[in-house]
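Okay, structure first, notes after.
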Amino acid sequence: MPEFLVTLIPLCPLLACLAIAVLGPTVLKEKSHWLTILGNGAAFVCALLALIGLTSTSLIPQGHRTFELYKWMSLPASGDTGALDIAITLHLDSMSAIMLTMLTFVATLVAIYASSYMHGDPGYPRFFACVSLFTFSMIMLVLSGNFLQLFMFWEAVGLCSYLLIGFWYEKPSASAAGMKAFLVNRVGDFGFAIGIFLIWTTFGSINYADTIFNPDALAKVAAENPGLLETICLCLFTGAVGKSAQFPLHVWLPDAMEGPTPVSALIHAATMVTAGVYMVARCTNLYMYAPHAQLVVSVIGGLTALIAALIGLTQTDLKRVLAYSTVSQLGYMFLGLGTGTFLGIGGAMFHLVTHAFFKALLFLGAGSVMHAMGGVIDMRHFGGLRKLMPKTYATFLIGSLALAGLFPLSGFWSKDTILASVRMAAHPEAHATDSHVVAAASHDTHATQAARVEVHPTLSAVDKTQVTLFGIRATAWYEILFWAGSFTAFLTAFYSFRAVFMTFHGEERIPPEAGHHAHESPSAMTTPLIILAVGAAFLGLALGHMTSIFDDFLNKTLHAPEVHHAADWLVIGLSTAAAIGGIGLAWVMYAERSGVPASIAQSVKPLYRLSLNKFYFDELYYVFLVVPVMCLAQFSRFFDWIGIDGFVGFVSRVPGAVAKLARPIQNGLVQFYALSMMLATAMLLWALLVRPGW
Amino acid sequence: MGNLPLLNNYLSVGAILFALGLIGFLSRRNLIVMFLCAELMLQGVSLTFVGFSTFHGSWGGQVFTIFSLALAGAEAAVALALIVVLFRRNETLDISLWQDLREADQPPVLDEFEAAVADVEPVYPELTRSGLLPGQGREPGHHHRTIDEAIDEQRHEPVEVPHA
Amino acid sequence: MGEFELTLSTLIVVVLGGFGVYLLLPRGTNPSDRIARIVGCVLTTISLVLIASNFGDVLPNKTNELTFYILAAVSIVSAVLMIASHNPVISALWFALVLLSNSGLYLLQGAEFLSAATIIIYAGAIIVTFLFVIMLAQPNGAAPYDLHSREPLLSCTAGVILAWTLLGTLHYACNEEAKPLNQRPAGASSAALPSPSLVAKSLAGHPESVIREGKAHVDSLGRTLFLEHYVAIEVVGMLLLVAVVGAVLIVNRDPAKLTAA
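Protein chains in written order, with our numbering: chain A, 108 to 801; chain B, -10 to 153; chain C, 715 to 975.
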């Protein structure tokens, strides 16, 4: 019963959410977390079973299944508009199965962690209801089989994100951060919606089956109007930029750290922010026809990775360092996606999974520190905690090593793959056998795929080396991006170990807010840390290029003819050197508290300030976007006030003014009334009697 | 049937009486005189009716006049009763005092005569003083001060007694 | 244009009379008022004479004509003096004189019952009630509000306009009716006065309403009243009863008692 199994995956968190929402405040109260843990756990088990089912060719032979839950709307074609058939569907294939498993696993662990972390909070049931709602929405997003459903749950996870960032809504900064996240996402979602509209007008349908999984339709549109596909891809990417916090819409993610730390780990590190990556990967077939858009994806990803890493260097708030790190790692993923090779896309998806593990681990570790330090998260106020919190220290260290990309931890494998793919895109001639464009077909057999290439020979000749952006050739761009990515790897290692050393090394310092009960966190918090640490340590080794399990499984969706590639020793050497160099530099500067960082900051003060103030993005947006909008709002307000209200007020005052003129007539004097009556009578008499004679 | 110039004569007299009654009604202030003027207008109309009755050789006009006579009686009864009540209220028959049904924010209408009257300082009546001061019981053999005496004592002191 | 001149001459006469009345109206106790009153008297008289000069020489015999002129003059002059009087008592007495002369005019037109009724009810009952109330409600001496008129000029203007409209119309209609039919402007006179024959036709359905010479006057009027207008008679009787009860109730409502309650 695979249908029932797949339906259970979103159903369990939904039921948990509804039950907590109804019963939470009155019945469940401090036991609300059980429902969320149970719901997420059940969803994880189902997702794992589905994953296993996909590996066996006997259960789901074609490698993917689409279940229609119910018909949502069915509009007949009329005039210019085509028919619109939308059903709520669940589309299961290897890519969504990977996402689902990772998502439900992390969500379960975070729920267990949060049951201890959020203990005693007045909004305890509300928190778990939101988390369950988020899990449900994210599952539906991943499983959706058409663009409208994708968009709907894309917005639903945004709503959950908003609710959870502003969870402590009494705090002005938290509610402002929630609003900022929501508003910045609107910008991206605007483009996303336009992209979906374009898909509908172009293909006449918004189901995956008729668009991105239909190579004939794609080829037809590409032959007729290749620019249209570029536009669609760019619009969709705009949505991804907003959701995945890429430059220039990355500003909301660091502020989102105002939410509870488990939320930061689950939504703003592991799952929701990767929705953009997932969506672009899902639309791979579409992007294959849009080389310019792919290049844009790569450039934006690489740029974001570098900028975020530079900002992360100087942040003192532990969670903000991790937030910029997340932005940076998401940039890596887009960098890989944009290469358009199986190596890059597979690397991005793999990095998505490994990143979910080690970044969730790091956030939960930071939450553990915060928990022990009485809510203090500024790294300057504490230090040397490794003896006090040994489990947290150990797991955090593993997470940082994975993030830095040190062999053989998971980050090494995934980041390496991405960098190798970028280098391959920069030198296509050197990797002639590997540079196979991923076939834009998933439902076809290899035979029809070959036939398609024959029917549209020009398509296979889309030579990315001829693509230019701002007058620079694609290969040159990828060369630049490769070195930028490598440099970012160095920076990543540096700032992650800067955080480790500042927090856990040096002399022991505990802020007064922590009181006398600074201690290691309870086992409900450390157990998820340990599980995640195991994953972060061995996932790459187990599933990465050594075994190629992940690639083979993902290829059930992508259908690349060639998935294996030779190890690129230059990349491996470079990234290992960058990781070790970064860690070493951090050791020199931060292992013992010294004046070295301050003096360096003093010597390059402008650069330091630039990084510390996050490249002044918020200020720039404030001056160039917020202020004009506020001016417009003020103008509108005054227009409404003076123009519209004034007009309405004027209209309402006209009868009053007329009445004011007429009011003295009503003077209460009988004789005046008689006079008026008489004059009117005389006038009538005149009109009736005298005038006809004249 | 009728004599037209004769009718014209009666109608003219009736019209003049009506116009005079109107002038009186509009210009006089006394409620009773105003009412008399209204009756004068009724007389003018009655004369007209009788004139038409004779002219047409019909009883209609005279019957109408009889009814108006009865109505005038009823009207006089009610109106005079109302006038009596109004007069009891504030001892005047001036119609100008009864402007209360005007718009709330309008000042009362005052012509030159009323403005002149309003400027004059009112003269309050001086009461004859008599009796004991309040609060004093009568006891034999004790001289009780009267109010007159108390006021006289106060007059000798420099404190100024208010006029009213 | 003849009509226009006629109306204009009426206007002049009426304005003259109106101005006279304006001068006669009470306007304080100024010594110069005496002159104004005399001038007013003269103007009013001239106006009346001018109006009378327009009256046709129509009465069957000279005695009747003379009686009409005397009665009409007394009636109008009494009316003028009534509205001009400073004292409401005198006003009421002048009004009694108006009533007396009016009953004379009724008598001249053959309305004997009405003439008697006017004297008995009006002059006998209503005026007496008036005087009674005046005595009851009159402060000592001439009240200041009796010495001053409210907006005399405006009132006189209004009266003049009304009188001009009425008299002008009468004049015009009378002249038109006197002309032969073919000289009248189309639709002019029939709008002003219905022709007597038309009225006779409409009366044909009500035989009791027609005044027949030689029949007992009161007998005939009584038949008309109680055969044709009996409902109205009952209603008026009821009205009188209600008025009497209402008057008693109104006067008996003592404000002091009301506030005490």
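Just so it is clear, CB atoms sit at the ideal spot from N, CA and C, and this is done for glycine as well.
- Per DSSP, reduced to three states, the secondary structure at residue 748 (chain C) is helical.
- Proximity of residue 804 (chain C) to chain A, defined by a Cβ-Cβ separation below 8 Å, is not satisfied.
- In this structure, residue 792 (chain C) and residue 815 (chain C) form a Cβ contact; the two beta carbons are roughly 7 Å apart against a cut-off of 8 Å.
- According to DSSP, residue 741 (chain C) shares a beta bridge with C:862.
- Close to residue 789 (chain A), with beta-carbon spacing below 8 Å, are these residues of chain C in chain order: 872, 875, 876 and 879.
- Contact between residue 938 (chain C) and residue 52 (chain B) holds, since their C-beta atoms are separated by about 6 Å, short of 8 Å.
- For residue 222 (chain A), the enclosing alpha helix (DSSP H) has its first and last residue at 201 to 224.
- Residue 365 (chain A) is classed as buried because its beta carbon has at least 16 other beta carbons within 10 Å across all chains shown.
- In this chain, the alpha helix (DSSP H) harbouring residue 297 (chain A) covers 279 to 310.
- Each of C:883, C:844 and C:873 was checked against the Cα of residue 21 (chain B), and the nearest Cα belongs to C:844.
- Among the residues of chain B, those whose CB is under 9 Å from the CB of residue 950 (chain C) are 55, 56, 59, 60 and 63, following chain order.
- Between residue 346 (chain A) and residue 419 (chain A), the CB-CB gap reaches or exceeds 8 Å.
- Measuring C-alpha to C-alpha distances from residue 172 (chain A) to each of A:795, A:111 and A:238 identifies A:111 as the nearest.
- For residue 92 (chain B), the neighbours in chain A by C-beta distance under 7 Å run, in chain order, 770 and 773.
- Among the CB atoms of chain A, none fall inside 8 Å of the CB of residue 762 (chain C).
- If only complete runs of 4 or more residues are kept, the stretch 709 to 740 of chain A shows the alpha helix (DSSP H) at 712 to 719 and 724 to 728, in order along the chain.
- Counting C-beta atoms within 10 angstroms of its own C-beta, residue 808 (chain C) has 16 or more neighbours from the protein chains shown and is therefore classed as buried.
- In the three-state scheme derived from DSSP, where H, G and I count as helix and E and B as strand, residue 615 (chain A) is classed as coil.
- Across the structure, residue 494 (chain A) and residue 628 (chain A) are spaced so that their CA atoms are roughly 13 Å apart.
- Separation of residue 400 (chain A) and residue 745 (chain A) (C-alpha to C-alpha, rounded to the nearest whole angstrom) is 43 Å.
- Annotation: the continuous beta strand (DSSP E) that includes residue 181 (chain A) extends over 171 to 182.
- A:170 is the residue among A:181, A:220, A:170 and A:179 whose C-alpha sits nearest the C-alpha of residue 198 (chain A).
- Annotation for residue 451 (chain A): the continuous alpha helix (DSSP H) segment containing it runs 449 to 479.
- Rounded to the nearest angstrom, the Cβ distance from residue 336 (chain A) to residue 393 (chain A) is 6 Å, consistent with a contact under 8 Å.
- In this structure, residue 958 (chain C) lies near residue 66 (chain B), with their beta-carbon atoms less than 8 Å apart.
- Per DSSP, residue 132 (chain A) lies in no alpha helix (DSSP H) segment and is marked neither H nor E.
- For residue 753 (chain C), same chain residues with a beta-carbon under 8 Å away, outside a window of 5 residues either side, are 734 and 737 in chain order.
- Closer than 8 Å to the CB of residue 12 (chain B) there is not a single CB belonging to chain A.
- In the assembly as shown, residue 779 (chain A) is a buried residue. Its beta-carbon has 16 or more other beta-carbons within 10 Å.
- For residue 489 (chain A), no alpha helix (DSSP H) run applies, since DSSP gives it neither H nor E.
- Taking each of A:409, A:488 and A:427 in turn and checking the Cα distance to residue 526 (chain A), the smallest one comes out for A:409.
- DSSP places residue 86 (chain B) in no alpha helix (DSSP H); its state is neither H nor E.
- Counting only Cβ-Cβ distances below 9 Å, residue 84 (chain B) has contacts in chain A at 776, 777 and 778, in chain order.
- Bridge pairing for residue 581 (chain A): absent [DSSP].
- Residue 777 (chain C) is outside the set of residues whose beta carbon lies under 8 Å from a beta carbon in chain B.
- DSSP places residue 634 (chain A) inside the alpha helix (DSSP H), whose first and last residues are 630 to 650.
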